[in-house]
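**Student:** Please read through the structure below; I'll follow up with questions.
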Amino acid sequence: MRKFRRSPLLLVLPLLVSLLIDSACSPMTEQASEPVDSGTAAAVPTGMSSIPLPGGEGGIGFDDLRYSARLGRVLVPGGRTGKLYLVDPASGAVQSVEGFSAKAGFAGGHGDGTTSVDDGDGLLFAIDRTSRTLLVLDAELHVASQVALTGGPDYVRWVGPTREVWVTEPGAEAIEVFSPGADARHAPERLAVIAVPGGPESLVIDAIRGRAWTHTWEGETIGLDLRTRAEVARFSNGCKGSRGIALDEARGLLFVGCAEGGATVLDLAHDGRQLGSATTGAGVDIIDYDPSLGHLYVPGGDAGTLTVLGVGADGAMTRLGSISAAEGCHSVVTDGAGRVFVGDPDDGRLLVFHDTFATSLPGAR
Numbered sequence: 000m001r002k003f004r005r006s007p008l009l010l011v012l013p014l015l016v017s018l019l020i021d022s023a024c025s026p027m028t029e030q031a032s033e034p035v036d037s038g039t040a041a042a043v044p045t046g047m048s049s050i051p052l053p054g055g056e057g058g059i060g061f062d063d064l065r066y067s068a069r070l071g072r073v074l075v076p077g078g079r080t081g082k083l084y085l086v087d088p089a090s091g092a093v094q095s096v097e098g099f100s101a102k103a104g105f106a107g108g109h110g111d112g113t114t115s116v117d118d119g120d121g122l123l124f125a126i127d128r129t130s131r132t133l134l135v136l137d138a139e140l141h142v143a144s145q146v147a148l149t150g151g152p153d154y155v156r157w158v159g160p161t162r163e164v165w166v167t168e169p170g171a172e173a174i175e176v177f178s179p180g181a182d183a184r185h186a187p188e189r190l191a192v193i194a195v196p197g198g199p200e201s202l203v204i205d206a207i208r209g210r211a212w213t214h215t216w217e218g219e220t221i222g223l224d225l226r227t228r229a230e231v232a233r234f235s236n237g238c239k240g241s242r243g244i245a246l247d248e249a250r251g252l253l254f255v256g257c258a259e260g261g262a263t264v265l266d267l268a269h270d271g272r273q274l275g276s277a278t279t280g281a282g283v284d285i286i287d288y289d290p291s292l293g294h295l296y297v298p299g300g301d302a303g304t305l306t307v308l309g310v311g312a313d314g315a316m317t318r319l320g321s322i323s324a325a326e327g328c329h330s331v332v333t334d335g336a337g338r339v340f341v342g343d344p345d346d347g348r349l350l351v352f353h354d355t356f357a358t359s360l361p362g363a364r
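As numbered in numbering that gives the first Met the number 0, residues 0 to 364 make up the sequence shown, in order.
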């Protein structure tokens, strides 16, 4: 990464000015009031700001990013850093939570430490890929208990209607189901294992319909009943490589990220009928959606771009814009207030895009 070079102090005005400018570019502290560039990281892409993450220098294998409305924070699993970061979306202030597996160097990918987290029942549930465990964080954000997993974890999701925790394990083609303990100090209890042949890739909970939606890796989406845990739906999703997933629960629209560079929208009320599609930068994985704007956010890791798609009242997709982000960026989350956060793996930071596109929904803000 580029570093600024400090010149010796000489009694010459131009050099004094240079030193003052260099001092103003010092790295951001954890309590910074604005999301700004650290001064030691790579240049920030045009149209974005950045939030450095403590210990992220040298790279972080970002994967699943979440926004917790309860905490008012973006939840950023820090991979090999051994940390979970809680980021204030308005100020850019960062709180670091320890207690996960750590690794000194970043060699690419996202196979180390904690890479997925979810908020439920006043607790945080996080997975650790290195130790293959599910960890429970209490209200004070301390790791209070943990339980071993039978396979390598990918996503963890809180299932509100049944008060369960589901963990996807693609290598085992399964989802492990847990019941949380009486409190955070009591480890979750394993209840069941759901077989998902050819998957599971991604996971979203649809409380209105009592379903969990996930994909196979090659072009199919599966619906699981939350209470019986049985497969109750399977349909083509229009992708060659199925990756990210997002849901407009109120409108019954399911969004699919296509690895080849695109996204589709499916109508859950009509057996997954495809309503629209759009092309994006290649290397799509995780996607996110803002239902108040009707905007879908689609990073393309191979292309190094973030594409914003508008989803109209009829489900049709319109490409609103695409901007440069970072090579390898494949994770994204929005706080629902127009701020969109993208993981920059090589520089171990978050990039922040402010969505100023007009709403795609008539009558919305």
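Yeah, the Cβ is synthetic: ideal placement off N, Cα and C, and Gly gets one too.
None of these values were measured; they are calculated from a predicted model.
For P196, which of helix, strand or coil comes out of DSSP?
**Tutor:** P196: coil per DSSP, three-state reduction.
**Student:** With V155 as the anchor, note down where its beta strand (DSSP E) starts and where it stops.
**Tutor:** Where V155 is concerned, the enclosing beta strand (DSSP E) stretches over 155-158.
**Student:** Would you call the CB atoms of V93 and V86 closer than 8 angstroms?
**Tutor:** It is a contact, given that the beta carbons lie within the stated cut-off.
**Student:** Which residues mark the beginning and the end of the beta strand (DSSP E) in which E219 is found?
**Tutor:** That run of the beta strand (DSSP E) goes 219-224.
**Student:** Going by the CB atoms, is the gap between G311 and H294 shorter than 8 angstroms?
**Tutor:** No, the Cβ-Cβ distance between H294 and G311 is not below 8 angstroms.
**Student:** Taking the alpha-carbon of G151 as reference, which of I174, S90, R162 has the nearest alpha-carbon?
**Tutor:** Cα-wise, what sits closest to G151 is I174.
**Student:** At what residues does the beta strand (DSSP E) containing E230 begin and finish?
**Tutor:** Segment 230-235, the beta strand (DSSP E) holding E230.
**Student:** Can you give me the C-alpha to C-alpha distance between V43 and V192, rounded to a whole angstrom?
**Tutor:** Those two C-alpha atoms are separated by around 44 angstroms.
**Student:** Identify every residue that forms a DSSP beta bridge with F61.
**Tutor:** F61 is not bridged to any residue.
**Student:** Looking only at DSSP bridge pairs, what is W377 linked to?
**Tutor:** Only positions 0 to 364 of the chain appear in the structure, and residue 377 is not among them; the question remains open.
**Student:** To the nearest angstrom, how far is it from the Cα of R128 to the Cα of P361?
**Tutor:** For R128 and P361, the distance between alpha carbons rounds to 43 angstroms.
**Student:** On the CB-based measure, 16 or more other CB atoms within 10 Å of its CB, does R162 come out buried or exposed?
**Tutor:** Per the 10 Å Cβ criterion, exposed.
**Student:** Please classify P199: is it buried, with 16 or more other beta-carbons within 10 angstroms of its beta-carbon, or exposed?
**Tutor:** P199 is buried by the Cβ-count criterion.
**Student:** For the beta strand (DSSP E) that G243 lies in, which residues bound it at each end?
**Tutor:** Taken as a continuous stretch (DSSP letters only), the beta strand (DSSP E) holding G243 covers 241-247.
**Student:** Quick check on H235: buried or exposed, where buried means 16 or more other Cβ atoms within 10 Å of its Cβ?
**Tutor:** The question names His, but residue 235 is Ser in the sequence shown. Exposed: under 16 other Cβ atoms inside 10 Å.
**Student:** Where does the unbroken beta strand (DSSP E) through T433 begin, and where does it stop?
**Tutor:** There is simply no residue 433 to check, as the chain begins at 0 and stops at 364 in what is shown.
**Student:** Does the structure place the region 312-329 close enough to the region 48-57 that three or more beta carbon pairs sit under 8 angstroms?
**Tutor:** As far as the Cβ criterion goes, the region 48-57 does not touch the region 312-329, which means the pair count is below three.
**Student:** Taking all protein chains shown into account, do 16 or more other C-beta atoms lie within 10 angstroms of the C-beta of T227, making it buried, or fewer, making it exposed?
**Tutor:** So T227 counts as exposed.
**Student:** Is S161 helix, strand or coil by DSSP?
**Tutor:** The sequence given here places Thr at residue 161; Ser does not occur at that position. In this structure, T161 counts as helix in the three-state DSSP scheme.
**Student:** What's the gap between the Cα of L350 and the Cα of Y288?
**Tutor:** Distance between the alpha carbons of L350 and Y288 is about 17 angstroms.
**Student:** Is G121 buried or exposed, if buried means 16 or more other CB atoms sit within 10 Å of its CB?
**Tutor:** Exposed.
**Student:** Excluding sequence positions up to five away, which residues of its chain have a Cβ less than 6 angstroms from the Cβ of R1?
**Tutor:** For R1, the pLDDT reaches just 31, beneath the cut-off of 50, and the residue's location in the model is therefore unreliable, although a value from the coordinates is still provided. So no residue of the chain qualifies.
**Student:** Judging by CA-CA distance, which residue of V307, D63, T304 is the nearest neighbour of G108?
**Tutor:** Closest option to G108, Cα to Cα, is D63.
**Student:** Is it buried or exposed, V231, if we count other Cβ atoms within 10 angstroms and call 16 or more buried?
**Tutor:** Burial call: exposed.
**Student:** Among V176, R208, K239, which one has its Cα closest to the Cα of G218?
**Tutor:** Here the closest residue by C-alpha is K239.
**Student:** Taking G282 and G299 to be in contact with their CB atoms under 8 angstroms, please state how far apart those CB atoms are, rounded to whole angstroms.
**Tutor:** Going by Cβ atoms, the distance from G282 to G299 rounds to 5 angstroms, so yes, they are a contact pair.
**Student:** From the DSSP output, in three-state form, read off A92 for me.
**Tutor:** Coil, per DSSP.
**Student:** Please tell me whether P76 and T113 are closer than 8 angstroms, where the distance is taken between their beta carbons.
**Tutor:** It is a contact, given that the beta carbons lie within the stated cut-off.
**Student:** Can you tell me which of S144, S67, E56 puts its alpha carbon nearest to the alpha carbon of P88?
**Tutor:** Considering only alpha carbons, the answer is S67.
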